[in-house]
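Here is the structure we will look at.
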Amino acid sequence: MTVGMESALPGQGQTTLNNGIDAAALEVDRHIQDDQRYPEIAQMLGVSAEVLPGVSGMSDIDYPLLGTGQVSLPRLLEIGPVHRVPLPPELVEQFGHMQCNCMLGIFPDISRAWLTIDTDIYIWNYNDGGDLTYFDGLSETILSVGLVKPKPGVFQAHITHLLVLTTPVDIVILGVTFSALHTEGASAPGSYVTEALSLLPEPLFCLPTDNTFFQVVEGTGTGRLFLAGQDGCLYEVAYQAEAGWFSQCCRKINHSRSALSLFIPAVLQFSFSEEDPLMQIAVDHSRHILYTRSEKGTIQVFDLGSDGQSTSRVASLSHGAIANAAVNIVRTVEKLNFSPVVHIAPIESSESAVCHLLAVTHTGVRLYFGTCSLRYPGTRPNTLILLHVRMPPGFSAAVTAPQRPARVHKALYSRGMLTTSSPFLIPLLSHSLSTFSQGDHVSLNHQSQLKSLVVWNILIRAYPMS
């Protein structure tokens, strides 16, 4: 009996091995099929080194209706409200004391919303409206707010984030900490949803603005901190644990001015330059590329280096150059539709190796850019070239002009979906660049429930699937 069992073992082992190989092959096939369901953006747009820049969105089949026709998508889910949380009652009372300025925004990474009223900032959990905290240690009106992750090894481990506040006079950096709440079912540390937020009472750093107003704060995955100046320059707040022989613990760097400009009087610089404030900073964390957008629509490209630790400006396109490039591709559409650009969004390397940046104009036109040669897509950025123009709904022959988007002022792009906000006309417009049975289609959704909503900001908050 024992000998018989031993003789059967080799055959059983071979069968188990074959079953494992078959299971692995099925798993690989499944992943290949999943990847084919989401082709690269460049493939859907027809962008390649062998093809000239093109246009889409001007055909009736580019925007299928949510109906039962041949080019419709009846199973497409529309955008709808998931959860509504009113402002905490304590904050509603504070509006009566406002004298100068008020701003509202959200920090999706830590599940918090924030509100500034003049010199004070309030932060609370937007899931339930609880865990309200505030900071009132400033004497000047808050102009911009940002939340960034700190550089590793600079601060103690309990400081998980940096809250950056800018005023007309100072740049103030506060430490943010979290502590577990004594509630049942609390999630693991680092989830931030069920943890209490605290602000350190004293600033970690405080720098003078030198008469420059900063309207945007943006951080990188490596802990670098950038500011958008009203003078049109990109600034960085460089900080470290201890001061060195030739460097301070915290200093402000202008990445838009050359060393030669330091010797030119400020009066002469102002007289020879036209002010165009920076309105947006967008970082491609997958490629370590930083983009800026000015008020007039100029886009600049900064290479942060392969490790994300350097900074060099490599390309710039004015709003006029962008509009001219788009008109050369779409000659039947008025030039006014392509300027100004009101929003930019990086396209990460997981979505496309060729298309690197999406720009949205005030009429909802989407402009796809690349930052290097199409024949060598893996090189560091060295240019900014328009690859494709995607017209919004309303430019096909069968649609009338009033159905076109207009006065877009807020937008959000995430993994192929673009959501835009227009005042008074269409509150939220959703464009999905996805693949269906009929190829590349874009869906247009109208949300009548949001007609009276004033959109301050649009960000993505990932919720677990049920």
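Taking UniProt numbering, I'd label the letters of the sequence shown as residues 1 to 466. Note that the Cβ used here is the ideal one computed from N, Cα and C, for glycine as well.
Asked	Found
Identity of the residue in M98, G221 and N125 nearest F178 by Cα	N125
Distance, I299 Cα to Q230 Cα	15 Å
Distance between beta carbons of H356 and A411, contact taken as under 8 Å	17 Å between Cβ atoms; not a contact.
Simplified DSSP assignment, three categories, for I281	strand
Chain-order list of residues whose beta-carbon lies under 7 Å from that of S111 (same chain, five-residue window excluded)	N125, Y126, N127, Y192 and V193
Inter-residue Cα distance where the pair is L227 and F302	13 Å
Per-residue DSSP class, three states only, for E50	coil
Alpha carbon of A325 to alpha carbon of R415, nearest angstrom	25 Å
Inter-residue CB distance, A42 and S352 (contact presumed, cutoff 8 Å)	5 Å
Cross-strand partners of Q43 (DSSP beta bridge)	The partner list for Q43 (beta bridge, DSSP) is empty, contrary to what the question assumes.
For D307, the residue or residues it bridges with in DSSP	D307 is not bridged to any residue.
Among N337, T167, E295 and A157, the one whose alpha carbon lies nearest that of L367	N337
Counterpart residues of F226 in DSSP-defined beta bridges	E218 and E236
Member of H161, A157 and L290 whose CA lies at the smallest distance from the CA of P150	H161
Given 8 Å, three or more beta-carbon pairs between the segment 359-376 and the segment 17-30	no
From Q99, N328 and A282, residue whose alpha carbon lies closest to that of E348	A282
Beta-carbon spacing of V408, V330 below 8 Å	no
Which residues DSSP lists as bridging D62, in chain order	According to DSSP, D62 bridges with nothing at all.
Segment contact, 8 Å Cβ cut-off, at least three pairs: the segment 81-99 with the segment 165-178	no
Nearest-angstrom Cα separation, counted from L304 out to N328	31 Å
DSSP state of A321 mapped onto helix, strand, coil	helix
Rounded straight-line distance, which links the Cα of G394 to that of A406	11 Å
Minimum C-alpha distance to E40 - residue among Q156, M58 and V354	V354
Close-in-space but distant-in-sequence residues of the same chain around F214 (CB under 8 Å, 5 per side omitted)	L143, S144, T166, I171, L227, A228, G229, Q230 and Y235
Span of the alpha helix (DSSP H) around L91	P89 to Q94
Distance, R293 Cα to I123 Cα	28 Å
Cα-Cα separation between S139 and D120, rounded to whole angstroms	9 Å
Bridge partners - K252, DSSP secondary structure assignment	V237
Residue span of the beta strand (DSSP E) that contains E195, given as start and end	E195 to L199
Complete runs of the alpha helix (DSSP H) confined to the segment 99-167 [at least 4 residues]	none
Pairwise C-alpha distance: P88 and P381	45 Å
Spatial distance of M58 from S396 (CA atoms)	4 Å
Per-residue burial, S48 [other beta carbons within 10 Å of its own, 16 or more giving buried]	exposed
The ligand ATP heavy atom lying under 7 Å from the CB of K252	This structure simply doesn't include the ligand ATP, nor any ligand for that matter.
Inter-residue Cα distance where the pair is P277 and K296	8 Å
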